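Everything on this sheet refers to the single structure shown next.
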Amino acid sequence: MKIEQLASALGATEKGGNYRFFVDGIEFQITYIQMLGIKQYMVSTYLNKNIRPTDVKAIKNSLGFGYNVLVGAVHGEGRVITINYRKKGLIEKLTKVVDILKTLGFQNEDKDIFNPELEATGELSFKLPYMNTQYQILGLMIPANLEKYKLDANHKIEALKKEAELSSDKFLPSLFLALIGAILGALPSIIIYFAGFMSWFLYLIIPFMSFYMYKKGKGPKKGFVPIIIGVISILVGVGSLLFIWTMYAGAEGYTLREILAIDELSSGFLQDIMFCVVGNIVGVFVSFKYIYNQTVESQIKDIETGA
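Position 158, counted from 1, in the sequence shown is what the numbering used here calls 313; the numbers after and before it change by one each time, with no gaps.
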């Protein structure tokens with residue numbers, strides 16, 4: 156469903172870069188997560204105080220089966236409620252949610268997100284983590300004092316750039332640790348290969364482990380880091396398979412070239428190597444966004460856009 160169709164169904168109007176609608180005086184915004192290029196729409200509302208577990212339970216009970224309720228933290232407090240979109244009966248369900256919110260003393264926040272004592276002079280886009288995954292809930296706008304935010308943002312950006320410069324001398328040690336991490340991450344796939352199995356899922360471990368070790372070295376988190384981690388992961392993943400076949404050939408008294416000259420074995424090798432290459436590429440693709448989100452460039456972009 157296109158966003159315009161969804162907005163029309165909910166009676167939402169465009170404002171400040173997204174679509175919004177009211178249910179008994181509480182404003183909801185159409186938000187979404189994007190997985191593999193596909194948008195899954197949700198509705199979110201930004202509230203004036205922290206949402207307690209008992210509040211969430213009451214809201215879930217009012218919604219019934221088929222609805223998820225997510226609480227998002229804004230500046231350290233769980234102030235955003237996000238509910239998955241369902242085509243039928245959503246407004247009726249939200250009416251029940253609003254009744255509960257009003258009974259508990261909730262309303263939409265109109266003060267600055269970072270400094271409640273300041274009046275909001277505009278809005279900023281804000282990203283929320285989605286269920287402890289690498290994905291984020293996008294499209295949410297929250298009130299802020301834009302002048303104060305820009306001033307603070309400039310200080311944060313300068314601090315990030317300075318941190319990147321200071322850590323540049325740790326790049327080579329961190330690169331070595333990234334290689335060690337990739338080798339450690341490849342061990343599970345190597346072990347099950349000896350047992351006669353292969354799994355794409357295990358190839359996901361390699362880039363994540365490589366980046367984990369890179370961070371241990373405190374190297375600069377520049378925009379090129381995800382590419383380096385990806386290259387290391389693919390080389391180690393494919394290299395480990397070549398190493399196994401070389402060991403196998405040596406154990407039989409042959410070289411790898413001689414083993415691959417045998418049609419039956421070369422066919423099996425090609426199938427395995429293609430599976431390994433594709434599996435590693437998938438692993439790098441899945442991990443790329445997670446790694447990039449931790450780079451200086453990504454953090455600066457988020458600060459500049461208010462995310």
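Using N, Cα and C, we set each Cβ at its ideal position, and we do this for glycine too. Note that the coordinates shown come from a computational prediction; the quantities given were computed from them, not determined experimentally.
- Between the alpha carbons of A308 and G385 lies a distance of about 31 Å.
- Distance between F424 and P362, taken at the CA atoms: about 24 Å.
- For I458 and F430, the gap between their C-alpha atoms comes out near 40 Å.
- Here G233 is near N205, since their CB atoms are less than 8 Å apart.
- No Cβ-Cβ contact shorter than 8 Å links F261 with N173.
- When C-alpha distances from S453 are compared across G294, I417, I312, the shortest belongs to I312.
- Taken in chain order, the complete alpha helix (DSSP H) segments of 4 or more residues contained in the stretch 388 to 461 are 411 to 415, 418 to 447, 451 to 460.
- Under the DSSP definition of a beta bridge, L295 partners with F281.
- Look at the beta carbons and you see the stretch 366 to 376 touching the stretch 327 to 341: at least three pairs across the two are nearer than 8 Å.
- For F183, the enclosing beta strand (DSSP E) starts and ends at 181 to 190.
- With contacts defined as CB atoms closer than 8 Å, I193 and A162 fail to qualify as a contacting pair.
- Sequence-distant Cβ neighbours of P375 in its own chain, meaning closer than 7 Å and more than five residues away, are A319, S322, S323, F326.
- When DSSP states are grouped into helix, strand and coil, M364 belongs to the helix group.
- The DSSP-derived three-state label of N216 is helix.
- DSSP lists I181 as the beta-bridge partner residues of V178.
- Residue state for S323 is assigned as helix, using DSSP reduced to three classes.
- Looking at the backbone, the Cα of Y196 and that of N239 are separated by about 7 Å.
- Going by beta carbons, I292 and G227 fall inside the 8 Å limit.
- Contact between Y358 and V451 is ruled out by a C-beta separation of about 27 Å, above the 8 Å threshold.
- Using a Cβ distance threshold of 8 Å, E182 and T200 count as a contacting pair.
- Residue range 193 to 201 is occupied by the beta strand (DSSP E) that includes Q195.
- Look at the stretch 201 to 269 and you find these whole runs of beta strand (DSSP E), each 3 residues long or longer: 224 to 229, 232 to 239.
- S421 and I383 have their C-alpha atoms some 31 Å from each other.
- Counting along the chain, E159 sits inside the alpha helix (DSSP H) bounded by residues 158 to 165.
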